[in-house]
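One structure is given below, encoded as structure tokens.
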């Protein structure tokens, strides 16, 4: 029997109508505010944590020298250029001595003149000495003669007075000699001093190293203390690293470090923390430390940026959760636990963290609980949740 | 209401318009049709036959006169029935120039619609519809959609519809106009058959030469006046 | 009595279906527009919620940090932290800029925050939180980044270590979270060419570049290169204290402004979104009128196509109320189909649209009622035409 057209049409339309209604209802319950929040969960287990500290730093030279004159002057010649290796004592540059040479000659002449004046004073002393000798003998003789009444008292007095005079003259001559000698020392010291100054006109390398800057060209005038050349010891390159104060627990000298230099791409170099700075940066809230390379790589530039990772000793067998599961509830940090299908917030206290995001739980969990890790939205007490395997964020 | 009385019209007049522009479409028309009778109403276009049909069909109010249907006065210089729609539904059947079936109903429901409008249950209405369709040899097409029915089948369905509420009078307006002589005579045969079977008075407005000889009685209408005549009354084979 | 409208529907269901789909698309667009407005308001709410703050401390006389730019010193937070009622206070920076991955740029809001403090993304969809103090990033999925991607912000390259969702600025730009210090550098430090240019200018200034003071030039350059500003301090108020009271205390310092959550919401919604809201409101009104007009037209045309049947029905005795009911039922049925199509279309449009679209159930119900009312009113034109039909026209020709 042929099904009446009307009936078959009714069936078809009823089916379509139900399909549309079903789509409509599905839409209503799976999207918008009525839909449950998708989350992922994981169990709290015991595992190992390999904490590390991260800082960024710049490559510096431990020792760097500023080569320049001690007095203002004009640069006469510069013998080296940036990148040159130099040895201790090597002449690097020379200042224009100006009138220094003349002044040295003048002091040399003055010193030798002083020497001559000393000789003259010495001769004078000798001469006065001999006269004194004579005067002493004469005086003694006249004393005898006076006793024998061969000479008068006044003649004796005269001779005594002559003796005294020569004594005084001798003292004077000796004083002159002393003065002349002191003059000579002074002038000789002047001479030596100027010679030293003349020596400082020559800028010498204080140590083996490499020239990093050439700051003044021949002919330029520089003042005392201004840099003409900068020199570093390349073997003394190290990294000045800054660590966030809050994330620098456990930092101490001797820890090994992994260094990534910007210029060398992502290759990792080995190093060690060699010094912790006592002074922190209170403005940026960072601590500073110096990390040295185990083996200095080729072609490293000063001022280059480096990413430094300092490994701390591993912590074994502790309760671990992914740091993505930590949430703030009010002002408390903790995790959301799935307990029999109910959501419960458990405050936790955390400890060390691995670079891959796993973090140690010190207080608040026992192990085996199910914590909510990822969620599409913020969850609260009484949120309607649906556990899924992943939320679609793909990792490479 | 006495179904044996049929329909009587006395002195029916219809004037359109007022004053000098007025047109008297009907002038003192007298007419009477007995139950079971099939009379012809013949006249040229513009003679007023359509107006008469509209007055008989209670869709146009006459100006003057008297109409009695089944013994009950329905118009006497004013409608005597409060709800003309109910009158049309229950006591007048209509057959139009074209079948005018409801396109979204099938044959059965087109016929059953009338009893349903009269308040009968769907089941009873459909039963009666199927009876009528059977009488018209359309049982095998009872559930066909209107668009699936041929012209002649649609015409027959419309006849069944007109009979559905067993009205005392059926008004047929040029029912055979588009048909050839064989089919036209077929329609007349059915109408005579139904009139006899259900004792319905049928008035057929027509100017179709092919069927005029079949009427036993004819009303000629011209310029709004009717004039009764005897018809040939030829048997339909 | 059979249902005439039902039978008509069954008979020409394809016509109804196509009309319903067409109208449904229009309604879907209308619902989407309402959803876009709600999405914008939700963006603002979510922005405020996700910051985890009760108070926003910004530069005095600004509406910052979202509606207006604000700049304060980065050590202000310490004093705020010391005030009564303040449980947490942390610096944040916000800057909308292009973030590069490979050859593509993504417009994002770069947020600088301190881990464990307000300003940090409150939940993750994938990956992990920061373990390094520099050059790591957490990005919203709308950026299109994945965990492990290397992205470039200003002068440095960052590794995306985590993904989050629904972290957007009030303008709809996805957020990228980086450590505060890196963000400060990104915000205030210029590109290489500009820095070199600046150094040359400074060196050319004889007041600064004095030979008698070696090291002065370097010191000045260093100070120009440093940045110690942030855009706001986010405050979490302690239990038992009211944000309004704490805000008043902070306002008493005449050089800072503090906004509570309610005030920030007003700033964002009333000021930032106001114009868009007006635009969308206007569109909604226009679309409603258009929908009404189209429904009226469609129903009217359908009715006109049935004029002959209506005349016949009236002649054979169908009451006016049945005919009016048929038309009204058709209009309402059309409305129902269109609404369902529209709601479904709107839902599928949601992920395609560049901004967040929020389709609230309340809006859907309101929309449904509106569509039904519009259809009913729009059908009145057709009903009027149907009632005016003279049954006599079925007779004669």
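Chains as they are written, first to last, in the working numbering: chain A, 17 to 412; chain B, 50 to 286; chain C, 350 to 746.
The beta carbon of each residue, even a glycine, is placed where N, CA and C say it ideally should be.
Remember, it's a predicted structure, so these values are computed and weren't measured experimentally.
Which residue from 174(A), 401(A) and 269(A) puts its Cα closest to that of residue 355(A)? 401(A)
Would you check if there are 3 or more beta carbon pairs closer than 8 Å linking the stretch 34-43 of chain A to the stretch 437-452 of chain C? no
Take the Cβ of residue 65(B) as the centre, count every other Cβ of all protein chains shown within 10 Å, and call the residue buried at 16 or more, exposed below. exposed
Ignoring anything shorter than 3 residues, give me the beta strand (DSSP E) runs that lie fully in the stretch 184-214 of chain B, in order along the chain. none
Quick one: which chain C residues come within Cβ less than 8 Å of residue 390(A)? Correct list: 472, 473, 474 and 475.
Closer than 8 Å is the cut-off here; do at least three beta carbon pairs connect the stretch 733-744 of chain C with the stretch 670-680 of chain C? yes
With contact counted as at least three CB pairs below 8 Å, one residue from each stretch, are the stretch 519-533 of chain C and the stretch 468-485 of chain C in contact? yes
When you compare only the Cα positions, how much space is there between residue 368(A) and residue 335(A)? Each residue's alpha carbon lies about 11 Å from the other.
Using a threshold of 9 Å, state whether the C-beta atoms of residue 106(B) and residue 98(B) are closer than that. no
Neighbourhood of residue 412(A) by C-beta distance below 8 Å, restricted to the same chain and skipping five residues each side: Confidence is the limiting factor: at residue 412(A) the pLDDT is only 35, short of 50, which leaves the residue's position unreliable, though a coordinate-based value still follows. Cβ within range, chain order: n/a, list empty.
With a cut-off of 8 Å on the beta carbons, I'd call residue 386(A) and residue 55(A) a contact; round off their distance for me. That pair is no contact at about 10 Å.
Coarse secondary structure for residue 142(B), derived from DSSP in three states: strand
If we call anything under 9 Å between Cβ atoms a contact, is residue 579(C) one with residue 599(C)? no
Simplified DSSP state of residue 33(A), which is helix, strand or coil: helix
Would you mind telling me which residues of chain A sit closer than 8 Å to residue 437(C), beta carbon to beta carbon, in chain order? Those are 347, listed as they occur along chain A.
From 346(A), 353(A) and 373(A), residue whose alpha carbon lies closest to that of residue 59(A): 353(A)
Let me know if residue 30(A) comes out buried or exposed under the rule of 16 or more other beta-carbons within 10 Å of its beta-carbon. Note on residue 30(A): under 16 other CB atoms within 10 angstroms of its CB, so exposed under the neighbour-count rule.
Run through the DSSP bridge pairs and tell me what residue 62(A) is partnered with. 335(A)
Quick one: list the residues of chain C neighbouring residue 225(A), beta-carbon separation under 9 Å, in chain order. Result: empty, since nearest Cβ-Cβ is about 21 Å, beyond 9 Å.
Mapping DSSP to helix, strand and coil, what is residue 507(C)? The three-state reading of DSSP puts residue 507(C) in strand, counting E and B together.
As assigned by DSSP and simplified to three states, the class of residue 474(C): coil
Among the residues of its own chain, which have a CB less than 6 Å from the CB of residue 57(B), if the five just before and after it don't count? So the qualifying residues of the chain are 81 and 117.
Quick one: complete alpha helix (DSSP H) runs, 4+ long, within the stretch 615-668 of chain C? Every unbroken stretch of the alpha helix (DSSP H) spanning 4 or more residues and falling wholly within the stretch 615-668 of chain C is given here in chain order: 623-653 and 656-665.
Just to check my reading of the structure: residue 96(B) and residue 270(B) have Cβ atoms closer than 8 Å, yes? What is that Cβ distance to the nearest angstrom? 5 Å
May I ask you to verify whether the stretch 62-72 of chain A touches the stretch 324-340 of chain A, counting CB pairs closer than 8 Å and requiring at least 3? yes
Separation of residue 269(A) from residue 553(C), as counted between CA atoms: Spanning the alpha carbons of residue 553(C) and residue 269(A) requires a straight line of approximately 43 Å.
Just grab the DSSP bridge partners of residue 128(B) for me. 124(B)
Chain-ordered residues of the stretch 136-154 of chain B with a beta carbon less than 9 Å from chain C: 136, 137, 138, 139, 141, 142, 143, 145, 146, 147, 149, 150, 151, 152, 153 and 154
Name the chain A residues that come within less than 9 Å of residue 514(C), Cβ to Cβ? 391, 392, 393, 407 and 409
If the cut is a Cβ gap below 7 Å, which residues of chain C does residue 29(A) touch? Here the neighbours are 359 and 362.
Taking a contact to mean a Cβ-Cβ separation below 9 Å, would you say residue 205(B) touches residue 222(B) in this structure? no
Can you give the Cα-Cα distance for residue 624(C) and residue 630(C), rounded to whole angstroms? 10 Å
Do residue 320(A) and residue 278(A) come within 9 Å of each other at the CB atom, strictly closer than that value? Remark: C-beta atoms of residue 278(A) and residue 320(A) approach each other more closely than 9 Å.
List, in chain order, every chain A residue whose beta-carbon is nearer than 8 Å to that of residue 650(C). Neighbours of residue 650(C) on chain A: none; closest Cβ ~22 Å, over 8 Å.
Min CB distance residue 741(C) to chain B below 9 Å: yes
For residue 277(B), which beta-bridge partners are listed by DSSP? 268(B)
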